[in-house]
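When you line the sequence shown up against this note's numbering, it's residues 78 to 332, in that order.
Glycine included, each C-beta is placed from N, C-alpha and C at the ideal position.
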Amino acid sequence: MDFIKAVNAVLDAGALMKDATYRTNAVKKGDKDYVTACDIAIQKSIAQALRQHYPDIPLIAEEKDNRDILSDSVFILDPLDGTTNFLHGYTPSCISLAYVYKEQPVFGIVHDPVADATYIAEKGKGAQLNGKPIRVSNVKNIENALITCETSPYERGDADMHFDVLKKVFLACMDIRISGSAALDICYVAEGAADAFLTRNLSPWDVAAGICILTEAKGVCTDWKGNPPSMRYKSDILASNGLLQEVLYEYTGKL
Numbered sequence: 078m079d080f081i082k083a084v085n086a087v088l089d090a091g092a093l094m095k096d097a098t099y100r101t102n103a104v105k106k107g108d109k110d111y112v113t114a115c116d117i118a119i120q121k122s123i124a125q126a127l128r129q130h131y132p133d134i135p136l137i138a139e140e141k142d143n144r145d146i147l148s149d150s151v152f153i154l155d156p157l158d159g160t161t162n163f164l165h166g167y168t169p170s171c172i173s174l175a176y177v178y179k180e181q182p183v184f185g186i187v188h189d190p191v192a193d194a195t196y197i198a199e200k201g202k203g204a205q206l207n208g209k210p211i212r213v214s215n216v217k218n219i220e221n222a223l224i225t226c227e228t229s230p231y232e233r234g235d236a237d238m239h240f241d242v243l244k245k246v247f248l249a250c251m252d253i254r255i256s257g258s259a260a261l262d263i264c265y266v267a268e269g270a271a272d273a274f275l276t277r278n279l280s281p282w283d284v285a286a287g288i289c290i291l292t293e294a295k296g297v298c299t300d301w302k303g304n305p306p307s308m309r310y311k312s313d314i315l316a317s318n319g320l321l322q323e324v325l326y327e328y329t330g331k332l
């Protein structure tokens with residue numbers, strides 16, 4: 078399957094993120110959860126391109142009703158991962174698109190047009206950042222690890238448990254970072270800029286593309302219990318260079 082048309086759809090839609098006028102007209106979807114005109118415009122642009130070039134493959138996307146989609150073969154899109162960042166003019170944020178077959182991410186692109194960073198991977202073909210191969214770090218001791226995480230802002234009832242885990246990880250590692258974009262956090266692990274990422278309650282569109290990119294960069298991604306992340310429902314995500322996976326399970330509760 079050729080994904081060049083999907084890549085072009087994402088790159089073309091990226092221009093919309095540079096238009097500051099799209100930061101207006103934000104609509105509240107839920108507690109601390111917003112959708113902007115940019116989310117809608119990007120999703121519309123990419124959905125139209127996918128319908129034209131891949132008419133038989135349904136699209137699961139953050140800003141649409143996905144309840145009737147049961148196909149084994151799907152595109153999964155987050156038109157704007159990091160919407161809160163985008164609203165405030167605070168980077169990073171990105172477009173994240175994956176092709177998933179039977180619950181396995183086969184292709185992924187994560188595009189941050191502001192940083193001019195495009196991560197792409199296809200199963201069996203490796204991962205790239207702006208056309209250059211990337212690979213995870215070789216850090217194996219948690220005290221030397223830079224670990225990324227998110228705050229799970231839409232599940233605030235989970236905050237005590239979530240931040241208790243993050244506090245324990247913070248005290249053990251070199252330091253932690255919170256970017257506001259889970260898709261980019263996973264890509265930072267894929268390129269070796271960070272060594273691991275963990276956060277609760279992430280949707281498939283937050284992670285599907287990043288999982289493909291990380292896996293092709295020789296990293297590992299599971300839920301907090303060591304199982305494959307769901308491509309249908311929310312998962313607690315642990316992504317790492319592979320060397321830190323078992324160590325971090327001690328904090329996420331697998332062992």
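Hey, could you find the ends of the beta strand (DSSP E) residue i is sitting in?
i	result
Ala194	Ala194 to Glu199
Ala336	Here the chain has residues from 78 to 332 only, and residue 336 is not among them.
Asp252	Asp252 to Ile255
Ala267	No beta strand (DSSP E) holds Ala267; the alpha helix (DSSP H) holding it covers Ala259 to Glu268.
Phe152	Ser150 to Asp158
Leu315	Ser312 to Ser317
Is residue i helix, strand or coil when you go by DSSP?
i	result
Pro182	strand
Phe163	helix
Thr329	helix
Lys209	strand
Lys95	helix
Gly107	Any reading at Gly107 must be qualified, since the residue scores a pLDDT of 47, below 50, and its modelled position is unreliable; the value itself is stated next. It is a strand residue.
Ser307	coil
Leu88	helix
Ile146	coil
Alpha carbon to alpha carbon, how far is residue i from residue j?
i	j	result
Ala260	Asp283	6 Å
His188	Ala198	12 Å
Gly319	Ile146	32 Å
Pro210	Ser229	31 Å
Pro169	Ala92	15 Å
Gly185	Lys245	32 Å
Leu88	Cys115	14 Å
Lys109	Leu275	Low confidence applies here, because Lys109 scores a pLDDT of 48, under 50, leaving its location unreliable and the question unanswered by this model.
Tyr167	Tyr196	20 Å
Lys202	Tyr265	19 Å
Gln129	Ala236	42 Å
Ala285	Tyr131	18 Å
Ala194	Ser258	14 Å
Ala118	Leu164	15 Å
Gly107	Phe80	Because Gly107 carries a pLDDT of 47, less than 50, the predicted location of this residue cannot be relied on, and no value is offered for it.
Leu332	Gln181	Since pLDDT at Leu332 reaches only 46, below the 50 mark, its modelled position is unreliable, and the value read off the structure follows with that caveat. Cα to Cα, Leu332 sits roughly 25 Å from Gln181.
Tyr310	Leu243	23 Å
Cβ of residue i within 8 Å of Cβ of residue j?
i	j	result
Ser317	Asp262	no
Gln125	Ala138	no
Leu136	Ala86	no
Leu206	Glu268	yes
Trp301	Leu321	no
Val213	Gly296	yes
Val324	Ile219	yes
Asp149	Ser173	no
Leu279	Ser256	no
Lys200	Val216	no
Ile134	Pro281	no
Ala90	Ser122	yes
Met78	Val191	no
Arg277	Glu232	yes
Looking at the C-beta of residue i, does it have a partner C-beta in chain C at a distance below 8 Å?
i	result
Leu320	Reference to chain C is not applicable here, since this structure consists of a single protein chain.
Starting from residue i, trace the alpha helix (DSSP H) in both directions and tell me its first and last residue.
i	result
Leu248	Ala236 to Ala249
Ala126	Ala114 to His130
Lys284	Note that residue 284 corresponds to Val in the displayed sequence, not to Lys. Pro281 to Glu293 is the span of the alpha helix (DSSP H), which, as asked, contains Val284.
message = Across the region 279-298 and the region 173-187, are there enough close Cβ pairs to call them in contact, namely three or more that are closer than 8 Å?
response = Judged by Cβ distances under 8 Å, the region 279-298 makes contact with the region 173-187, as three or more pairs qualify.
request  = State whether the region 210-225 contacts the region 249-256, with contact taken as three or more CB pairs (one from each stretch) at a distance under 8 Å.
outcome  = yes
task = Please confirm if the region 154-173 is in contact with the region 299-306, defined as three or more CB-CB distances below 8 Å between the two stretches.
result = no
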